[in-house]
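**Q**
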Amino acid sequence: MKARHLFVQILAVLVALPLVGTAARGATIEVLETFDYPGAFATQPQKINDHGVIAGVFIDSATGATEGFYRSRNGTFSGPVVDPNDDAALTQLRGVNNRRTFCGNYNTSDGISHGFFLSHQVFTEFDASSSFTVVLGINNAGDFSGSFVNDSSGVQEGFVDIGGVLINFAVPVATNTLAYQTNSSNEATGYYIDGSDGLTHGYQRDSGGTLTFPIDPAGSVGTILFGNNDSNWVVGRYADAAGITHGIFFITPGDFTIFDYPGSTFTSLNGINSKGWICGRYTDSSGFDHGFLAKVNVHETTPPNRNKIVTPAAKPVTPKPEVSRIAVPAS
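Counting from 93, one number per residue, gives the positions in the sequence shown under the working numbering.
#1: Could you say which of Ile140, Gly148 and Ser299 lies nearest to Ser277 if we only look at CA atoms?
#2: Among Val123, Gly255 and Ser205, which residue has its Cα nearest to the Cα of Gln248?
#3: Starting from Ser239, follow its DSSP beta bridges and name the residues at the other end.
#4: Runs of 3 residues minimum, wholly inside the region 266-347: which ones carry the beta strand (DSSP E) assignment?
#5: Distance check for Asn189 and Leu303, CA to CA, integer angstroms please.
#6: Between Asn389 and Ala119, which are expected to be in contact by the criterion C-beta below 8 Å, what is the C-beta distance as a whole number of angstroms?
#7: Give the C-beta separation of Phe341 and Phe351 to the nearest angstrom, bearing in mind that I take them to be a contact with Cβ-Cβ under 8 Å.
#8: Quick check on Val326: buried or exposed, where buried means 16 or more other Cβ atoms within 10 Å of its Cβ?
#9: Between the Cα of Asp332 and those of Ile316, Asn324, Asp347 and Ile343, spot the shortest distance and give me the residue it belongs to.
#10: What distance in whole Å lies between the Cβ atoms of Asn242 and Ser221, which are believed to be in contact at a cut-off of 8 Å?
#11: On the CB-based measure, 16 or more other CB atoms within 10 Å of its CB, does Lys94 come out buried or exposed?
#12: Pairing CB atoms from the region 146-161 with CB atoms from the region 120-133, are three or more of them under 8 Å?
#13: With DSSP collapsed to three states, give me the class of Ala134.
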């Protein structure tokens, strides 16, 4: 792995706007702030830590480049986060833990996607594949999750890395599996693409490796789960047949709270921390993406105690050359 340094400058805070959106089943989601990265026409928050630091992605309105950013709880932004080896104008900051260790992915001009970590302005590369690796989430213990193309099979699988042991897995009916976050109990959440119908569906993976799938709200034609917190509260989004995309929150699969940013036809809930703060995004009528910080207010019983962590044995990953790159849908 290679380590590189980055100088990060601080930029100013933007808009605050309190709102309460639609919700169901005893929970409400309240928007606390909206924000846009300076100079961006798309601001796409990804994850939020327990201190309110948000990791995200923006698209530069001047250059069209996709770059990472982070936003402190007081509203200040970092400068653009670009991996030093990115020569394809695509770096995405995907996750952050309480130690302010960030994770993400970047592309190179040869079409290969690489994972990375950023801590104290030092980049560390992480590749689980010769062709495609993305690191999508990191917990407070430093365990992380993501997706890669298995060099042996050519299949895009999900993975969790627990204590330095990489465990790769795939939903049995899937052509592509992505693990977007793992919590302190090593419970992971993500989505997969069904090989029979080509639709995306949510899933959960417990600490022992058992998968629960598909997880879909009624009427979904595509569900993506992005984040879970240490209580295993989950956020994501789904699209309906009318082309409207809704944010979703749940504690128990099947018991969904649906959230739509007022006036928007696209809402996505992307990350949730232990305090119930949520980062997400919505698209306005002009097609611009904006970030928001929200809070879930749950009027239900306390979630059950977490189970003892059981880590299954890792499956070997055997290198195989010339595996085609598979793109990850925007979060």
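For glycine and all other residues, C-beta sits at the position ideal for the given N, C-alpha and C.
Predicted, not measured: the structure shown is a model, and the values here were computed from it.
**A** So, to answer that:
#1: Ser299
#2: Ser205
#3: As a beta-bridge residue in DSSP terms, Ser239 pairs with Val226 and Gly250.
#4: 266-274, 280-286, 292-297, 303-307, 312-320, 326-332 and 337-342
#5: 24 Å
#6: 6 Å
#7: 7 Å
#8: buried
#9: Ile316
#10: 7 Å
#11: Note that Lys94 has pLDDT 40, beneath the 50 cutoff, so the model's placement of it is unreliable and the number below is only indicative. The residue is exposed, with fewer than 16 neighbouring Cβ atoms inside 10 Å.
#12: yes
#13: strand
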